[in-house]
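Accompanying notes for the structure given below.
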Amino acid sequence: MLERVIENWLDKANERSFQKPFCYMLSAERYTVVHLSRHCGMEMGKDVIAIAANGTPCAYQLKTAKNGKISLRQWRDEISNQVFDLVVGQIVHPSIDNLRHHRSYIVTNGELDEEVSRAIDDMNRGWATKGQPYFKLETIVRGQLLSKARTLGTDLWHVELVNVKTFLELFLESGQGILPKKKLSSLFEATFPFELNERGKLPSKEHCARVIASAAVLCSISISNFSNANNHVAEIEAWILYISYMLALVERWKLPFKFWKNEFEIATKSIYNSLGNLCDELKEQTHFVEGDPLVDQPFYRVRLTWLIALMSIYALWRHNEKEPESEADDFIRNFCLENKTKLYLWGEAAIPQFIAFFWYFRKIDATRAPDFFLESLISAICQLNKPGGKRFLANPYYEAIDILPHILGIADEPLEDSFRGNSYVLEGLVHLFVRRNWKQSMKFLWPDITRLSSTVFEPEKIWHFYRWSNKKGIHKVTYPKHTQEWEELKALAFESDGTCIPQSIKNCPILVLLFLCVYPHRINSQILRWLDTKLKSKV
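Going by the working numbering, the first residue of the sequence shown is number 1344, and it counts up by one from there.
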C-alpha cells in the first residue's frame, strides 16, 4: 500500500510539492535538514541543504521529469547550468561547516535518459581529470526514492489500515475546496503516540522524533492535491494542524527542542511562505468571486474575511521578522483597508479573523478607528445573541460550511443548539476594549453585555489544548456583574499570564494568533489578553 501511494504521488508531483516530502524523508533517515533555499527566496542551484549523520553537508537539486524521464534537451535547456552551481558553488549557511566540501545530488521523480546519464558521467570524469575529485554530481531517481520509502517501512508510515482509508480520502480530494480539518486531525490523532506503549512504558524520545518526521511526510502527501491546486489557505491550515499535534506530543512527553526543532522550523517556514504565495496571488486578482456571482455572494464575504485575516497576520509576521518594507506591505495595507467593510460576522468562529485584522489595523492606523471597530464588534455580538432575539451568532464550534445553510434558510433540519444569551468570545473582546481605556463607551455597552453569559472550555490537561476535539474537560459558564467597578474591570483586563497556553508555543505569538484562526473553539479571554500584550511588544 505504501509503495503504491508513493508511486502515485511521484507521478503527480511537481517541483513545488515534490520538495517537502523529500525533505522529511531525509529527516526520517537521520539527516538534519537545515535550510530550504527556494522557500527562503534563495536559489543558487540548491533546493535542499542537509547535514548527514557523519556531519557531511549535502545539497540537493529537485527536478520533475517530463513524461517520466529527464531528456537530453531538458538537461541542456533547464538543468545543466543549475547543477554546475549546485556542485561548484559553496554553501553559505551558519549551520554548515564551509571547510568541508558538500556532496551534491540531483533528485527526480522519474528516470534519467541514457544520454543524460552519460553527460553526468562525463562531467564527473572531467572534474576528476582536473584534480577536483570532490566535485561530483550524484543522482537519486524514482526507483531509489521508492526503495528508500520501502526501507524506512514503519519509520515512515505509522498508521493502521483504518487510518490509511482516511489518508486515501484526503489524498483523493480535488484540492479546490475547503480542507477537511476534522479528517486530517483524526489522522494525526492515530499517528502520534499520545499513550503508553504496549508494555506500559513511555515511547522513547527517538521514537517520537521519528513519528514527528513521518507525520510530516503523511501531511505533505495527504494534501498534495491542495498543494498542486495552489490552495494556499488549505496548506496553511494543514501545517497549523501538523504543528499543533506535534506540539501536543512535545507537551505530553516533555520532548527536548532538539527532537522536534527541524520539523517545527520547516513547517513554520512553509506556512510563512504559503502566506507570501497567497499575497502574490491576491495581487494578481481583479476580483474575489468564484463561479456564479449570485450564488457566491454569502461565500464571497466569508472567503474575503478569511483572506483579510491571513493578510493581516502575514503583515504582522513580516514586521516581526524585520522584513524590509516592500510593495507587499503596500498591497496588504490597501487590500485590508479597502475591503474591511465587507468583513462578515457569520459566527463566533470568525472572531479570531476579526481580531487579527484589529491588531493589524491598530498597527497601521493611529486614530480611534481601530478601537471603534472593536466597539462595534462587541455591540454586534450583544445584539445578535441577546435573549429573545430573532437572529443568532453560532458558537465557535460551528464552521462556516456548517452554519451558512441555516443563515440562508436552506438547511434540511433546524439547529438543535441555541446560542442566545451566551457567548464564548465576548468577555475577551470586552477586556481588549477596556485595555484601550474607553470608560464612557464601556459604560454605555455594559447593560447589553450583562445580558449574556460567558462560556469557556478548559481541557483536562494542558497538552489537550492542541487537539482538535477533546472528550474530557470543563465548560465553565460565568455571568458578568450588573454593576462593575472600573478599576476592578481594568485589573481583570490587564492580567496577561496566559496560563492556559502551553509553553511550547509561547515564543511564537504570531503562530498562536494563526492557531486561533484555525482552532477558533480554543479562543478565550486569557489567550486574547496574552496575545494583546505580546503583539504590542513585538509589533
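All C-beta atoms in this analysis are idealised placements derived from N, C-alpha and C, irrespective of residue type, glycine included.
All of these numbers come straight from a predicted model, not from anything done at the bench.
Start and end residues, beta strand (DSSP E) containing residue i
i, result
"P1546", "Segment: none, P1546 is in no beta strand (DSSP E) and carries neither H nor E."
Local conformation of residue i per DSSP, three classes
i, result
"Q1628", "coil"
"L1455", "strand"
"A1393", "strand"
"S1868", "helix"
"I1521", "coil"
"I1753", "coil"
"I1413", "strand"
"K1849", "coil"
"D1708", "coil"
"N1605", "helix"
"V1377", "Reliability of the predicted coordinates at V1377 is poor, the pLDDT of 46 falling under 50, and the value obtained from them is presented with this limitation in mind. Strand."
"Y1367", "Because Y1367 sits at a pLDDT of 47, beneath the cut-off of 50, its placement in the model cannot be relied upon, and the following sentence gives the value as read from the coordinates. Y1367 falls in the helix class under three-state DSSP."
"F1735", "coil"
"C1383", "Its pLDDT being 40, under 50, C1383 is placed unreliably by the model, and the measurement read from it follows with that caveat. It is coil, neither helix nor strand."
"I1614", "helix"
"N1728", "coil"
"Y1740", "coil"
"S1839", "coil"
"D1760", "coil"
"K1665", "coil"
"E1516", "coil"
"W1781", "coil"
"Q1696", "helix"
"R1542", "coil"
"E1770", "helix"
"D1440", "coil"
"W1660", "helix"
"G1486", "helix"
"R1553", "helix"
"G1619", "helix"
"T1876", "helix"
"G1312", "Shown here, the chain extends from 1344 to 1882; a query on residue 1312 therefore has no answer."
"I1844", "coil"
"R1810", "coil"
"T1648", "helix"
Span of the alpha helix (DSSP H), counted from its first residue to its last, around residue i
i, result
"E1481", "Here E1481 belongs to no alpha helix (DSSP H); instead the beta strand (DSSP E) covers 1480 to 1483."
"T1534", "1524 to 1534"
"D1672", "1670 to 1682"
"N1571", "1567 to 1571"
"V1435", "That residue, V1435, is in no alpha helix (DSSP H); it is neither H nor E in DSSP."
"L1686", "Element bounds for L1686: n/a, residue is neither H nor E."
"A1581", "1575 to 1596"
"L1835", "1829 to 1836"
Beta-ladder partner(s) of residue i, from DSSP
i, result
"R1446", "C1401"
"P1802", "G1816"
"T1821", "S1797"
"N1765", "S1796"
"K1406", "T1451"
Interface flag, residue i vs chain C, CB-CB below 8 Å
i, result
"V1459", "In the structure shown, chain C cannot be found, because there is only a single protein chain."
Contact belief for residue i with residue j at Cβ below 8 Å, rounded distance in angstroms
i, j, result
"I1844", "V1855", "7 Å"
"L1769", "I1724", "5 Å"
"A1941", "S1447", "Residue 1941 lies beyond the range of the chain shown here (1344 to 1882); nothing can be said about it."
"V1459", "L1415", "6 Å"
"C1302", "A1671", "There is no way to answer for residue 1302, as the model of the chain reaches only from 1344 to 1882."
"S1797", "T1821", "5 Å"
"N1568", "E1624", "Their Cβ separation, rounded to whole angstroms, is 17 Å, which puts N1568 and E1624 out of contact at 8 Å."
"V1430", "F1478", "5 Å"
Assess, as a yes-or-no matter, whether the region 1787 to 1798 is touched by the region 1755 to 1775 under the definition of 3 or more beta carbon pairs within less than 8 Å.
yes
Can we say the region 1533 to 1553 touches the region 1580 to 1600, given the rule of at least three CB pairs closer than 8 Å?
yes
Within the chosen definition, does the region 1546 to 1563 reach the region 1809 to 1816 through at least 3 CB pairs nearer than 8 Å?
no
Validate contact between the region 1704 to 1714 and the region 1751 to 1765 using beta carbons, cut 8 Å, 3 pairs
no
Are the region 1602 to 1615 and the region 1577 to 1590 touching by the rule of at least three beta carbon pairs closer than 8 Å?
yes
Kindly confirm or deny that the region 1544 to 1555 and the region 1819 to 1836 touch, where touching means at least three C-beta pairs closer than 8 Å.
no
Can you confirm whether the region 1688 to 1703 touches the region 1646 to 1655 when touching is taken to mean that 3 or more C-beta pairs between the two stretches lie within less than 8 Å?
yes
Three or more C-beta pairs under 8 Å: does that hold for the region 1727 to 1743 against the region 1675 to 1682?
no
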